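Q: Numbering (my numbering), first residue to last: 59 to 423.
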């Protein structure tokens, strides 16, 4: 299927870094504690941690948030990528809750259109949900862009009207029935790398303006998916390295997260990835706790280039009491980027299968 470049940070992190919780007795995620904080009119016209600026109103959301399926404490909804076809043929498929697939730019619409009338309905009919990951750091040119917030610098395509047109088609392609298996959407995964100066909110005005414009675009795209796909739930996709350091002066590292608080509260769920070469368990725990303050959390794409690190992460995250602790902190879903680590050895396959069967829950049960 589709491959993608990996962007992650694996060293002790400080401001010089370059390119690259919450729970109730039943983690219904979107029920109980999250609901009272996050529901309401949905208007986003204020500036709670980095909203509208210079009198430019943020696009308002008028539709209501959509709850993710209720998930008991200690259980997770497991997914696998990188494509619907490869996940469907995996020996783990019967135990998975959803299959993950990617949109890396307009060229991907070609094969996705072919799936609209056969593979996608087939996946939904099997009782599995679908997880669409939108990664756009490989699209088009990087340069100066004029936005409603002022001059910005970064990837142009994510801020373009073309992307919103493509989002309408994606919503149509992946649409399912409102009462059927969900369509999870992780929009703009690793979005911290899209501006010219990544990973901090305010190191330059053109970076701040880029993120403000990207937030507007995200809210517009979320509305498009809500309108076009009755089963969709939408999230903003963080790179999982963001909590590894802090630079309050530039809004970098941990301090950047609060600038997206209003957008995350307006989202159906929250997303992040974990793909560092070194062990990722600490990032997964930290990001789950951080993002779990804003809503239910999905680990959207998890893998490691080093098999030993992956196996260490699996044992740290998915054995003992850790699944219960993660679900109490807000984690409801865990998606493997691909099957490379899983298929590396019979022991690795057994490790993954055991974790999914012990801690997994399927859409239909």
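Each residue gets a CB set at the ideal place from its N, CA and C atoms; glycine is no exception. Because the structure is a prediction, the values reported are computed rather than measured.
Assign residue 183 to buried or exposed, taking buried as 16 or more other Cβ atoms, counted over all protein chains shown, within 10 Å of its Cβ.
A: It is exposed - the Cβ of residue 183 has fewer than 16 other Cβ atoms within 10 Å.
Q: For the beta strand (DSSP E) containing residue 138, list its first residue and its last residue.
A: Residues 135 to 138.
Q: Nearest CA to the CA of residue 408: which residue from 123, 387 and 369?
A: The candidate whose alpha carbon is nearest that of residue 408 is 369.
Q: Following the continuous alpha helix (DSSP H) through residue 387, name the residue where it begins and the one where it ends.
A: Per DSSP, residue 387 belongs to the alpha helix (DSSP H) from 380 to 387.
Q: Using a C-beta cutoff of 9 Å, does residue 237 count as contacting chain C?
A: Among the protein chains of the structure shown there is no chain C, as only one such chain exists.
Q: If I follow the unbroken alpha helix (DSSP H) through residue 374, where does it start and stop?
A: It spans 365 to 375 - the alpha helix (DSSP H) in which residue 374 sits, taken as one unbroken run.
Q: Any idea what DSSP makes of residue 213, helix, strand or coil?
A: Residue 213: strand per DSSP, three-state reduction.
Q: Start and end of the alpha helix (DSSP H) containing residue 327?
A: That residue, residue 327, is in no alpha helix (DSSP H); it is neither H nor E in DSSP.
Q: Using the three-state DSSP reduction, which class does residue 317 fall into: helix, strand or coil?
A: In the structure shown, residue 317 sits in a helix (DSSP, three-state: H, G or I).
Q: Ends of the beta strand (DSSP E) at residue 452?
A: Residue 452 lies beyond the range of the chain shown here (59 to 423); nothing can be said about it.
Q: Find the nearest neighbour of residue 131 within the set 346, 220, 388 and 345, judged by alpha-carbon distance.
A: Residue 131 has its Cα closest to that of 388, out of 346, 220, 388 and 345.
Q: Using the three-state DSSP reduction, which class does residue 419 fall into: helix, strand or coil?
A: In the structure shown, residue 419 sits in coil (DSSP, three-state: anything other than H, G, I, E or B).
Q: Is residue 189 helix, strand or coil by DSSP?
A: Strand, per DSSP.
Q: Report the three-state DSSP secondary structure of residue 179 (helix, strand or coil).
A: Helix, per DSSP.
Q: From 169, 188 and 199, pick the residue whose C-alpha is nearest to that of residue 159; which is it?
A: Minimum Cα distance to residue 159 is reached at 188.
Q: Can you give me the Cβ contacts of residue 348 inside the same chain, cut-off strictly under 7 Å, excluding the 5 residues immediately before and after it?
A: Once the five neighbours on either side are set aside, the close Cβ partners of residue 348 are 301 and 315.
Q: Check for me: the alpha helix (DSSP H) holding residue 400 runs from which residue to which?
A: From DSSP, residue 400 is part of no alpha helix (DSSP H); its letter is neither H nor E.
Q: Starting from the C-beta of residue 392, find all residues in its chain whose C-beta is less than 6 Å away, skip the five residues before and the five after it, and write them out in chain order.
A: Taken in chain order, the residues that qualify are 134, 136 and 357.
Q: Is residue 240 helix, strand or coil when you go by DSSP?
A: Reduced to three states, the DSSP call for residue 240 is coil.
Q: Can you grab the Cα-Cα spacing for the pair residue 113 / residue 142, in whole Å?
A: Legend: pLDDT at residue 113 = 41, less than 50; position of this residue unreliable, value from coordinates given subsequently. One C-alpha to the other measures close to 44 Å.
Q: Going straight from the alpha carbon of residue 281 to that of residue 269, what length do you get?
A: Their backbone Cα atoms lie some 18 Å apart in a straight line.
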